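**Q**
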Amino acid sequence: MEDGTLAGQGLTVMQTLTYFVGAPILLFVVISFFAYITAKETRKGSKKKASSLTHID
Numbered sequence: 000m001e002d003g004t005l006a007g008q009g010l011t012v013m014q015t016l017t018y019f020v021g022a023p024i025l026l027f028v029v030i031s032f033f034a035y036i037t038a039k040e041t042r043k044g045s046k047k048k049a050s051s052l053t054h055i056d
């Protein structure tokens, strides 16, 4: 503790769970959803044409 500072109120159990468990899980789900949607469009186009990384001529 630094000189001249006073500790504030602690977090409740619900606040702790919301901030440190709920919010990260929600952010992970939202980011994963957008990544899935953008990759889905890419996968549609790549099935028509063989990629040089996955196909040997």
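What the sequence shown shows, in numbering that gives the first Met the number 0, is residues 0 to 56, in sequence order. Ideal Cβ placement from N, Cα and C applies to all residues, glycine included. As the structure is a prediction and not an experimental result, all values here were calculated from the model.
1. Compare the C-alpha of THR67 against each of PHE19, THR53 and LEU52 and name the closest.
2. Expressed to the nearest angstrom, what Euclidean distance is found between the alpha-carbon atoms of MET13 and ALA22?
3. Rounded to a whole number of angstroms, what is the C-alpha to C-alpha distance between GLY9 and VAL29?
**A** Result, derived from the coordinates:
1. The displayed coordinates of the chain run from 0 to 56. Any statement about residue 67 would go beyond what the structure contains.
2. A straight-line Cα-Cα distance of about 12 Å links MET13 and ALA22.
3. Between the alpha carbons of GLY9 and VAL29 lies a distance of about 29 Å.
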